[in-house]
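**Student:**
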Amino acid sequence: MLQIPLWNRLFIIAVVLAGLAFAMPNLFYERVEQYNDAVAEVEDTGVTSEAAAEALSGWPSFLPSTLVNLGLDLRGGAHLLAEVEVEDVYEARMDALWPEVRDTLRDLRDTVGTIRRQDAPLGELHVRVSQPEGLAEAVAAVRGLGQPVASLTGVGASTLDVRGEGDLLIVTLSEAEREATDDRTMQQSVEIVRRRVDEAGTREPTIQRQGSDRILIQVPGIGSAQELKDLIGTTARLTFHPVVGRTDDADADVESRQILLPSMDEEGVFYILEQTPVVTGDDLVDSQPSFEQQSGLPVVTFRFNSTGARAFGEYTSANVGAPFAIVLDEEVISAPVIRQAITGGSGQISGNFTVESSTELAVLLRAGALPAEMTFLEERTIGPELGADSIAAGEMAALVAFAAVLVFMILSYGLFGVFASIALVLNVGLIFGVLSLIGATLTLPGIAGIVLTIGMAVDANVLVFERIREELKTARGPARAIELGYERALSAIIDANLTTFIIAVILFALGSGPVRGFSVTLGIGILTSVFTAIYVTRLLIVTWFDRARPKKIEV
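Heads up: the sequence shown begins at 1160 in the working numbering, then just goes up one per residue.
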């Protein structure tokens, strides 16, 4: 019998209605986008401004507000290609290693004599000893500071290469550790760029690694490439240094391993600091804007992880009464005197902050500091006019393809072609519903995938209708012909679409950027077209057949 159980009919109708409901907000794109921005603003600030209230009233809260995000080529925005100076990390690693090397060699003072750090090429640590005859023992001791390389390619290797030349001890990162460090630096840079862009509230940025030391950054909806560079290039590197002295001379001489930095608040004041920081912002786990209890002025609170809290606690415990400097981006925010040991792992930064600047600083500190400097090799600003032209061209292509397919199906299969055309309309709605639900980004290649799906979506219906034509010649009546047509065409439909879906999965797994956008819309289109062809079209035909009860049908 040609019939579909009631629960099956209800399920098909529910899926179609849900898909159309999630797709519907895209018809009112600007209004829903403003509504979503207002919701995010209220959640972040807890305050509903007049503009936000107006935007919130523009869309009913009980309706879905999911949208298909428009990519850079459709919406306009900024494109950057940045190169990460991974070698910068080597110098930081050597600076961080020096206190351990110094303490280790101090234990061998009877053997190596006095020790003094020397200026060295980038990524090397040079230590001169006064008794060269003890250098071999010093090399062995410092070599013991090395750890196994934390990478699959460096299994069994040490993180440090240590050698002696005359009275000079030379420490560098091993080749395996350099490769592992480069990989970690790139991963950290990509993640920090992503967090900074996300904190700015932009939608669906594309941030991915290219090659060994480059990052591709594409952010739709941002005003210009310079605006994006300013957002990414803000370092917000927080460090805590011992204070050696204070001066008014901007050209004051400093000793080796010391630095001269200006005060942020006091014009003409400079601080002489030890170059190696006690703690860095890398050990921060949280930072929030706040207000000082006594004065009510804006401040920024911070909290260290266990490693940072321990180092900070040990230093402040051993240096009560001494000043230390809080340095942000090579400027001394403040240089307070340590009144007591700070062992709780948390503190606050005070200065001439406004509410906005304290919030901005907290955001940047939470996002973290870039581990190495980035050089921008390529930058482009894509105007929204180009995106509008692309959208218009895509819409025209989709409409022409849509109309051509509808005409072909109706002329070829008559009433059954009408049912297939209705299912095709629903199929496009389901595609946008799924894209909206998963928060996908639609690009120009994605539109191409949708247009391709429109042509492919009727393939399954063609197989079914041709099979029904054959069964009408031998089957006992139209109901049996329709039933056998769907049953016997099912395997061919699944095989044909499964192979295409496998290709879409491979494109998504191995491709990037536009290729992924194409594969996403193609894969979703395959799933929805099979659903509409097997279930929706069949439901329409069965519903018509139950009402009309024709003795004869023409396909």
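Where a beta carbon is used, it is the ideal one built from N, C-alpha and C, also for glycine.
So, helix, strand or coil for Phe-1483, using DSSP?
**Tutor:** In this structure, Phe-1483 counts as strand in the three-state DSSP scheme.
**Student:** Keeping to the same chain, check which residues put their C-beta closer than 7 Å to that of Glu-1489; ignore five residues upstream and five downstream.
**Tutor:** So the qualifying residues of the chain are Leu-1420.
**Student:** Which residues mark the beginning and the end of the alpha helix (DSSP H) in which Ile-1627 is found?
**Tutor:** 1618 to 1631 is the span of the alpha helix (DSSP H), which, as asked, contains Ile-1627.
**Student:** Who are Glu-1433's beta bridge partners in DSSP?
**Tutor:** Partner(s): Gln-1417.
**Student:** Look at the alpha carbon of Gly-1576 and the alpha carbon of Lys-1711, and state the distance between them as a whole number of angstroms.
**Tutor:** Distance between the alpha carbons of Gly-1576 and Lys-1711 is about 17 Å.
**Student:** In whole angstroms, what separates the C-alpha of Leu-1487 from that of Leu-1284?
**Tutor:** One C-alpha to the other measures close to 25 Å.
**Student:** Report yes or no: is there a C-beta of chain D within less than 9 Å of the C-beta of Ala-1470?
**Tutor:** Of the chains in the structure shown, none is chain D; there is only one protein chain.
**Student:** Within a Cβ cutoff of 6 Å, which residues of the same chain sit near Val-1175, ignoring the five residues on either side of it in sequence?
**Tutor:** Here the set comprises Leu-1585.
**Student:** In whole angstroms, give me the CA-to-CA distance for Gln-1277 and Gln-1499.
**Tutor:** So the two alpha carbons sit approximately 34 Å from each other.
**Student:** Below 8 Å on the Cβ atoms is my contact criterion, and I expect Thr-1270 with Gln-1290 to pass it. Report the Cβ-Cβ distance as a whole number of Å.
**Tutor:** Contact flag correct, Cβ pair sits at about 7 Å.
**Student:** Strictly by DSSP, which residues pair up with Ser-1509?
**Tutor:** According to DSSP, which records beta bridges pairwise, Ser-1509 is partnered with Val-1458.
**Student:** Quick check on Pro-1258: buried or exposed, where buried means 16 or more other Cβ atoms within 10 Å of its Cβ?
**Tutor:** Its Cβ having fewer than 16 others within 10 Å, Pro-1258 is exposed.
**Student:** Just curious, the beta strand (DSSP E) that Arg-1635 is in, first and last residue?
**Tutor:** No beta strand (DSSP E) contains Arg-1635, which DSSP labels as neither H nor E.
**Student:** Can you tell which of Ile-1171, Gln-1162, Ile-1163 has the C-alpha that lies nearest to the C-alpha of Val-1689?
**Tutor:** Minimum Cα distance to Val-1689 is reached at Ile-1171.
**Student:** In or out: Asp-1442 buried (at least 16 other Cβ within 10 Å) or exposed?
**Tutor:** The residue is buried, with at least 16 neighbouring Cβ atoms inside 10 Å.
**Student:** If we count the other Cβ atoms within 10 Å of its Cβ and call it buried at 16 or more, is Ala-1521 buried or exposed?
**Tutor:** Counting Cβ neighbours within 10 Å, Ala-1521 comes out buried, since at least 16 surround it.
**Student:** Between the C-alpha atoms of Gly-1467 and Gly-1504, what's the straight-line distance to the nearest angstrom?
**Tutor:** About 7 Å.
**Student:** Taking a contact to mean a Cβ-Cβ separation below 9 Å, would you say Ile-1508 touches Phe-1461 in this structure?
**Tutor:** Their beta carbons are under 9 Å apart, which means Ile-1508 touches Phe-1461 by this criterion.
**Student:** What are the start and end residues of the alpha helix (DSSP H) that includes Gly-1178?
**Tutor:** Unbroken alpha helix (DSSP H) run through Gly-1178: 1165 to 1182.
**Student:** Using the beta-carbon count (16 or more within 10 Å), is Met-1160 buried or exposed?
**Tutor:** Confidence at Met-1160 is low in this model, with a pLDDT of 49, below 50, so the placement of that residue should be treated as unreliable; the coordinate-derived value is given next. Exposed.
**Student:** Could you check if Phe-1221 is buried or exposed, using at least 16 other CB atoms within 10 Å of its CB as the buried criterion?
**Tutor:** Answer is exposed; the Cβ neighbour count stays below 16.
**Student:** In its own chain, which residues sit with a C-beta less than 7 Å from the C-beta of Asp-1532, not counting the 5 before and 5 after it?
**Tutor:** According to the sequence provided, residue 1532 is Glu. The question's Asp does not apply to it. Once the five neighbours on either side are set aside, the close Cβ partners of Glu-1532 are Glu-1244, Asp-1247.
**Student:** With 16 as the cutoff for other CB atoms within 10 Å, does Ile-1613 come out buried or exposed?
**Tutor:** That one is buried.
**Student:** Counting pairs of beta carbons, one from the stretch 1534 to 1543 and one from the stretch 1592 to 1612, are three or more of them closer than 8 Å?
**Tutor:** No, the stretch 1534 to 1543 does not touch the stretch 1592 to 1612.
**Student:** Can you give the Cα-Cα distance for Ile-1652 and Ile-1641, rounded to whole angstroms?
**Tutor:** Near 16 Å, if we compare the C-alpha coordinates of Ile-1641 and Ile-1652.
**Student:** Determine the extent of the beta strand (DSSP E) in which Met-1533 is found, giving its start and end residues.
**Tutor:** From DSSP, the beta strand (DSSP E) with Met-1533 extends over 1533 to 1541.
**Student:** State whether the stretch 1602 to 1610 contacts the stretch 1673 to 1686, with contact taken as three or more CB pairs (one from each stretch) at a distance under 8 Å.
**Tutor:** With a cut-off of 8 Å, the stretch 1673 to 1686 and the stretch 1602 to 1610 count as touching, because enough Cβ pairs lie within range.
**Student:** Look at Phe-1483 and Phe-1399 and say whether their C-beta atoms are less than 9 Å apart.
**Tutor:** In this structure, Phe-1399 lies closer than 9 Å to Phe-1483 by Cβ.
**Student:** Taking a contact to mean a Cβ-Cβ separation below 9 Å, would you say His-1238 touches Arg-1626 in this structure?
**Tutor:** Going by C-beta atoms, His-1238 is not nearer than 9 Å to Arg-1626.
**Student:** Return the Cβ separation of Leu-1601 and Leu-1233 in integer angstroms, given the expectation that the two are a contact with Cβ distance under 8 Å.
**Tutor:** Sure, about 7 Å apart at Cβ, within 8 Å.
**Student:** Could you tell me which residues DSSP pairs with Ile-1274 in its beta bridges?
**Tutor:** For Ile-1274, which the question treats as bridged, DSSP gives the partners Val-1288.
**Student:** Classify Gly-1236: buried if its beta carbon has 16 or more other beta carbons within 10 angstroms, exposed otherwise.
**Tutor:** Classification for Gly-1236: buried.
**Student:** For the alpha helix (DSSP H) that Val-1674 lies in, which residues bound it at each end?
**Tutor:** Counting along the chain, the alpha helix (DSSP H) containing Val-1674 begins and ends at 1673 to 1690.
**Student:** Does DSSP classify Leu-1222 as helix, strand or coil?
**Tutor:** If DSSP states are grouped into helix, strand and coil, Leu-1222 belongs with coil.
**Student:** Taking the alpha-carbon of Arg-1353 as reference, which of Glu-1296, Ala-1384, Leu-1390, Ser-1333 has the nearest alpha-carbon?
**Tutor:** Comparing Cα-Cα distances from Arg-1353 to each of Glu-1296, Ala-1384, Leu-1390, Ser-1333, the minimum goes to Leu-1390.
**Student:** Rounded to a whole number of angstroms, what is the C-alpha to C-alpha distance between Ile-1351 and Glu-1338?
**Tutor:** Cα to Cα, the separation comes out at about 20 Å.
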